[in-house]
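Only one structure is covered here, and it is reproduced in the block below.
There are 2 protein chains.
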Amino acid sequence: MSTLGNSTNIFWQECQVGKIDRQKLLNQKGCVVWITGLSGSGKSTLACSLSKELHSRGKLSYVLDGDNLRHGLNKDLCFKPEDRAENIRRTGEVAKLFADAGLICLASLISPYRKDRDMCRAMMNDSNFIEVFMNMPLELCEERDPKGLYKLARAGKIKGFTGIDDPYEPPLNCEMEIKQIDGVCPAPIAMAGQVVSYLKGRGFLES
Amino acid sequence: MSTLGNSTNIFWQECQVGKIDRQKLLNQKGCVVWITGLSGSGKSTLACSLSKELHSRGKLSYVLDGDNLRHGLNKDLCFKPEDRAENIRRTGEVAKLFADAGLICLASLISPYRKDRDMCRAMMNDSNFIEVFMNMPLELCEERDPKGLYKLARAGKIKGFTGIDDPYEPPLNCEMEIKQIDGVCPAPIAMAGQVVSYLKGRGFLES
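Sequence order for the protein chains is D and G. Following the UniProt record's numbering, the numbering of the first sequence begins with 1 at its first residue and continues without gaps. Following the UniProt record's numbering, the numbering of the second sequence begins with 1 at its first residue and continues without gaps.
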């Protein structure tokens, strides 16, 4: 029995079927691929392409998209600093559950602050947290502006927008970086290929 | 683009690999088995036994245990009424994600209030929400008292304890009920067998 945060009289329930068993069933290892970067840097594109590539190899993945979660789990949160942190904390906790379930969890969130990403990493076994930095220039992201948000931010209609009037803190020790080569962005399938190679090399695509 | 709750400028991101594809990979259908009942009624026992039975059939399930979630996702919540409701809301949202990922999600929570359980049901396709009521007499649960909590509640050391000084509202239209037969509790494997039969009969154990 333990007292945790605001809860008392909480027990930990252990089941006979554990992560190892689920991984055997799926022939893969559960982990979290945490994709971070500016709005418009291609996070969702990578996550979707990656889920397609993994699926074609018979691997089970699931995308946790920051925006999508705000339709459900995180719909009580807004964009003030403490809510942004809580948004990322909850996403990290859910990603951890998916990894424990044996899935390759693809978390796609701007997650601009280093300390929030590091908090998520600290929740789980470090080797199961693969931070992928979409290292694209702000100018490119702003030119793409797929959601029209940079325009709104520049016009002052959105406050605290990452890259405009709120900082993005690039990772210092991420596992992977996706960037332009000679000023050209890799195609989605090429970006996904990079991550698949990494996962394969580290043994995540077998149990 | 939409405004949702406290969030604005939120888009919905759709991927090419969807629930149907994941279900084909797993040869099962994603759903939520929501196990409700008094403390000591056997919820966790059923969830664990069920995960074992499903695993032995090559089916992927994952247990969301109310107490376990309070160690992570819900560690900011206590047991006051609004936090209890939020605890259940978040669990429902996460269970929905697991079902969408193609898993048979086994949610095990006292979830004493009808409106909270119905809120979770309303989050998803009704046919994918299977409410299992552990219909055990309070006297039996209190006699078992596996966590020693009834004793504390009777001594006034825990306030608002379900069944003692806070109500348990039994389901009115649950999909399944587990109860004593001639005053005898079914063995865990028998309880699990009941649920497996239900899932099989409804086509959840094939894609």
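Note that beta-carbon positions come from the ideal geometry of N, C-alpha and C, so glycine has one too. In this text the structure is predicted, and so the values were computed from the model without any measurement.
Consider the Cβ of residue i: report whether some Cβ of chain G lies at a distance smaller than 7 Å.
i: Lys-52/D; result: yes
i: Asn-174/D; result: The amino acid at residue 174/D is misidentified as Asn; the sequence shows Cys. No, because no Cβ of chain G sits closer than 7 Å to the Cβ of Cys-174/D.
i: Asp-65/D; result: yes
i: Leu-38/D; result: no
i: Gln-23/D; result: no
i: Ser-44/D; result: yes
i: Val-195/D; result: no
i: Cys-48/D; result: yes
i: Val-184/D; result: no
i: Gln-180/D; result: no
i: Leu-4/D; result: Its pLDDT being 49, under 50, Leu-4/D is placed unreliably by the model, and the measurement read from it follows with that caveat. So yes, Leu-4/D belongs to the interface.
Any idea which residues DSSP pairs residue i with across the strands?
i: Met-134/G; result: Ile-178/G
i: Arg-162/G; result: Position check: residue 162/G holds Thr in this sequence, whereas Arg was assumed. Bridge partners of Thr-162/G: Asp-166/G.
i: Phe-129/G; result: Val-32/G
i: Val-196/D; result: For Val-196/D, which the question treats as bridged, DSSP gives no partner whatsoever.
Short of 6 Å in beta carbon distance, which residues of its chain neighbour residue i, apart from the five on each side in sequence? Order them along the chain.
i: Ala-153/D; result: Phe-161 and Ile-164
i: Asp-182/D; result: none
i: Gly-66/D; result: Leu-109
i: Met-136/D; result: Ser-41
i: Ile-178/D; result: Met-134 and Met-191
i: Val-196/G; result: Glu-53
My output table needs one value for residue i: the three-state DSSP class, helix, strand or coil.
i: Ile-104/G; result: strand
i: Phe-98/D; result: helix
i: Val-33/D; result: strand
i: Ser-207/D; result: coil
i: Asp-145/G; result: coil
i: Leu-64/G; result: strand
i: Val-17/D; result: coil
Using a Cβ-Cβ distance cut-off of 7 Å, determine whether residue i contacts chain D.
i: Leu-205/G; result: no
i: Ala-122/G; result: no
i: Asn-68/G; result: yes
i: Gly-72/G; result: yes
i: Glu-93/G; result: yes
i: Leu-106/G; result: no
i: Cys-141/G; result: no
i: Val-33/G; result: no
i: Tyr-168/G; result: no
i: Val-132/G; result: no
i: Ile-13/G; result: According to the sequence shown, residue 13/G is Gln rather than Ile. Chain D, which has a Cβ nearer than 7 Å to the Cβ of Gln-13/G, makes this yes.
i: Ala-101/G; result: yes
i: Leu-60/G; result: yes
i: Gln-16/G; result: yes
Determine, using beta carbons only, whether residue i and residue j come nearer to each other than 7 Å.
i: Thr-45/G; j: Ser-111/G; result: no
i: Ser-41/D; j: Met-134/D; result: yes
i: His-207/D; j: Gln-23/D; result: This sequence places Ser at residue 207/D; His is not what is there. The answer is yes: Cβ separation under 7 Å.
i: Ala-101/G; j: Thr-91/G; result: no
i: Asp-116/D; j: Ala-85/D; result: yes
i: Ile-130/D; j: Glu-175/D; result: yes
i: Leu-38/D; j: Cys-141/D; result: yes
i: Asn-87/D; j: Asn-68/D; result: no
i: Glu-82/D; j: Gly-72/G; result: no
Is it the case that the CB of residue i approaches a heavy atom of the ligand NAD more closely than 6 Å?
i: Gln-28/D; result: Of ligands this structure carries none, so the ligand NAD is not represented either.
Starting from the C-beta of residue i, find all residues in its chain whose C-beta is less than 8 Å away, skip the five residues before and the five after it, and write them out in chain order.
i: Phe-204/D; result: Gln-28, Lys-29, Cys-31 and Ile-104
i: Leu-26/G; result: Lys-59, Leu-60, Gly-102, Leu-103 and Ser-207
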